[in-house]
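What follows is one structure encoded as structure tokens, with my remarks underneath.
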Amino acid sequence: MARCVDVMGHGGVRLAAWEFTEGGDPAAEERPAVVLLHGLMGRAEHWASAARWLSRRYRVVALDQRGHGRSEKPGSWPLDRDVFVADVEAVVERLGLGRVALVGHAMGALIAWRLAARRPDLVRALVICDMRAAALGAVSQRELRGWLSSWPLPFPSRAAARRWFGEEDPSLDHPSPARGEFFAAVMAKRADGWRPVFSRRQMLAAREGFAHDAHWDELAGVGCPTLVIRGVDGVLGRAEAQEMVRVLPAGRYADIPDAGHLAHLERPHEWRAIVEPFLTETAPLRSA
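Numbering (our numbering) for the sequence shown: 1247 to 1534.
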């Protein structure tokens, strides 16, 4: 089960933090905490499957980041990378989570390692899922802008959205059911049909805050044990991932065959087989 807790983030933005507990266990707050951070256009719900097994041993919190899910949409508030980091810092401190293990996907991974470098007193371990340390660049921003404008909105149904993102999108090389499910989960019914719960303009603005910079120096400042995972067909190449591990003072590497950018959703069992022993080693556990 999951319950939504409103937390005030940086600048007074209301954030939706989802706490997952196994069977409503009242002792969950005494366990070491794992914080799950989705990527751009994601939401906490995307971590539900992982949270179910994690919550047997950990206090699990998944955050809807500002502008995403049920968190407040930022309006004129800033969307640069620093405010996302400050939001997670606020959630960890205001929920009294202690030193946490951070698990981040894509943009969420960048936010996680920036917090780990800035506040080592708050982070005991880090999992980076398919996020590059090199600059993504202006071309990638233009490509994203073009792709966002190609969405045939509104969709007549959630199933239609699932089908378009998973099968019919011309940018796809092959069908991707996990991609279809990912985007179907971020659609909400409006008066004219199904539309994303976020502003596409704001998603571009959020990515603008980190797309043009490299992040090697920040990565090198992460002192805690860190696991870098990539889907073999994802956006993070093997050579760059291994260089990230080399730069990290306590880095490790793993990859998942037959998986892409959404490896944790495409191959959840393989992803768990990699992440679970890492967390077991780097965070104290109660008996299973």
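The C-beta atom is built at its ideal place from N, Cα and C for all residues, glycine as well.
Contacts around residue i, its chain only, beta-carbon distance under 8 Å, and the 5 residues preceding and following it disregarded
{"i": "Ala1405", "result": "Ala1430"}
{"i": "Gln1448", "result": "Gly1313, Lys1319, Pro1320, Leu1325"}
{"i": "Phe1401", "result": "Ala1407, Trp1410, Met1433, Gly1439, Trp1440, Arg1441"}
Buried versus exposed, by CB contacts within 10 Å (16 or more), residue i
{"i": "Val1385", "result": "exposed"}
{"i": "Gln1495", "result": "Sequence inspection shows Pro at residue 1495; the Gln mentioned does not correspond to that position. Pro1495 is exposed by the Cβ-count criterion."}
{"i": "Thr1526", "result": "exposed"}
{"i": "Leu1332", "result": "Here residue 1332 is Ala; the residue named in the question, Leu, does not match the sequence. Classification of Ala1332: buried, given that the 10 Å Cβ count is 16 or more."}
{"i": "Glu1464", "result": "buried"}
{"i": "Trp1393", "result": "exposed"}
{"i": "His1420", "result": "exposed"}
{"i": "His1461", "result": "buried"}
C-alpha gap between residue i and residue j, whole angstroms
{"i": "Glu1291", "j": "His1515", "result": "18 Å"}
{"i": "Thr1472", "j": "Val1259", "result": "29 Å"}
{"i": "Ala1529", "j": "Tyr1499", "result": "18 Å"}
{"i": "Glu1414", "j": "Ser1317", "result": "30 Å"}
{"i": "Arg1408", "j": "Gly1426", "result": "4 Å"}
{"i": "Arg1327", "j": "Leu1356", "result": "9 Å"}
{"i": "Arg1360", "j": "Trp1397", "result": "32 Å"}
{"i": "Phe1456", "j": "Ala1505", "result": "25 Å"}
{"i": "Val1443", "j": "Leu1261", "result": "14 Å"}
{"i": "Ala1362", "j": "Val1369", "result": "6 Å"}
{"i": "Glu1339", "j": "Ser1295", "result": "25 Å"}
{"i": "Ala1466", "j": "Glu1454", "result": "22 Å"}
{"i": "Pro1416", "j": "Trp1410", "result": "9 Å"}
{"i": "Ala1437", "j": "Arg1513", "result": "36 Å"}
{"i": "Ala1358", "j": "Arg1441", "result": "29 Å"}
{"i": "Ala1263", "j": "Val1337", "result": "8 Å"}
{"i": "Ala1487", "j": "Arg1277", "result": "31 Å"}
{"i": "Leu1511", "j": "Ala1424", "result": "6 Å"}
{"i": "Arg1289", "j": "Val1253", "result": "16 Å"}
{"i": "Gly1282", "j": "Gly1315", "result": "Residue identity check: residue 1282 is Leu in the sequence provided, not Gly. Computed Cα separation, rounded: 14 Å."}
{"i": "Lys1435", "j": "Arg1391", "result": "23 Å"}
{"i": "Gly1344", "j": "Phe1524", "result": "19 Å"}
{"i": "Glu1522", "j": "Glu1275", "result": "20 Å"}
{"i": "Leu1418", "j": "Ala1381", "result": "23 Å"}
{"i": "Ser1395", "j": "Tyr1304", "result": "40 Å"}
Residues of its chain near residue i, where Cβ-Cβ distance is below 6 Å and the 5 sequence neighbours each way are ignored
{"i": "Val1478", "result": "Asp1501, Pro1503"}
{"i": "Gly1342", "result": "none"}
{"i": "Ser1422", "result": "Gly1412"}
{"i": "Val1329", "result": "His1256"}
{"i": "Val1306", "result": "Phe1266, Val1280, Ala1297, Leu1300"}
{"i": "Trp1293", "result": "Leu1282, Ala1308"}
Residue-level contact to chain D via CB, residue i, 8 Å cutoff
{"i": "Leu1450", "result": "The structure shown contains no chain D, having only a single protein chain."}
From the options, residue whose alpha carbon lies closest to that of residue i
{"i": "Gly1469", "options": "Val1493, Phe1524, Asp1252, Ala1355", "result": "Val1493"}
{"i": "Leu1205", "options": "Leu1399, Ala1371, Glu1389, His1420", "result": "With the chain running from 1247 to 1534 in the structure shown, residue 1205 is simply not present."}
{"i": "His1351", "options": "Val1337, Asp1367, Gly1342, Leu1372", "result": "Leu1372"}
{"i": "Asp1367", "options": "Val1346, Ala1381, Ala1358", "result": "Val1346"}
{"i": "Ala1248", "options": "Leu1309, Ala1380, His1461, Gly1288", "result": "Leu1309"}
{"i": "Val1481", "options": "Val1491, Arg1436, Arg1447, Ala1379", "result": "Ala1379"}
{"i": "Gln1311", "options": "Trp1299, Glu1335, Tyr1304", "result": "Glu1335"}
{"i": "Ser1445", "options": "Leu1399, Ala1296, Ser1403", "result": "Leu1399"}
{"i": "Thr1267", "options": "Val1329, Pro1320, Val1251", "result": "Val1251"}
{"i": "Ala1279", "options": "Leu1348, His1256, Gly1288, Glu1454", "result": "Leu1348"}
{"i": "His1535", "options": "Lys1435, Trp1462, Phe1428, Phe1524", "result": "Because the chain is modelled from 1247 through 1534, residue 1535 falls outside the range shown and cannot be assessed."}
{"i": "Ala1519", "options": "Ile1475, Arg1391, Leu1282", "result": "Ile1475"}
{"i": "Ser1403", "options": "Gly1497, Gly1288, Trp1517, Met1433", "result": "Met1433"}
{"i": "His1458", "options": "Gly1439, Met1254, Gln1387, Arg1289", "result": "Gln1387"}
{"i": "Trp1517", "options": "Ile1374, Gly1497, Met1490, Glu1489", "result": "Ile1374"}
Cut-off 7 Å between Cβ atoms - residues of its own chain near residue i, not counting five sequence neighbours on either side
{"i": "Ala1452", "result": "Leu1286, Gly1313, Leu1325"}
{"i": "Gly1483", "result": "none"}
{"i": "Arg1365", "result": "Glu1335"}
{"i": "Gly1497", "result": "Thr1472, Val1474, Met1490, Val1491"}
Whole-number beta carbon distance between residue j and residue i, since they are thought to touch under 8 Å
{"i": "Ala1509", "j": "Asp1376", "result": "6 Å"}
{"i": "His1284", "j": "Gly1383", "result": "With a Cβ gap of about 23 Å, His1284 and Gly1383 do not count as contacting."}
Any non-hydrogen atom of the ligand FAD closer than 7 Å to residue i Cβ
{"i": "Arg1441", "result": "You won't find the ligand FAD in this model; it holds no ligand whatsoever."}
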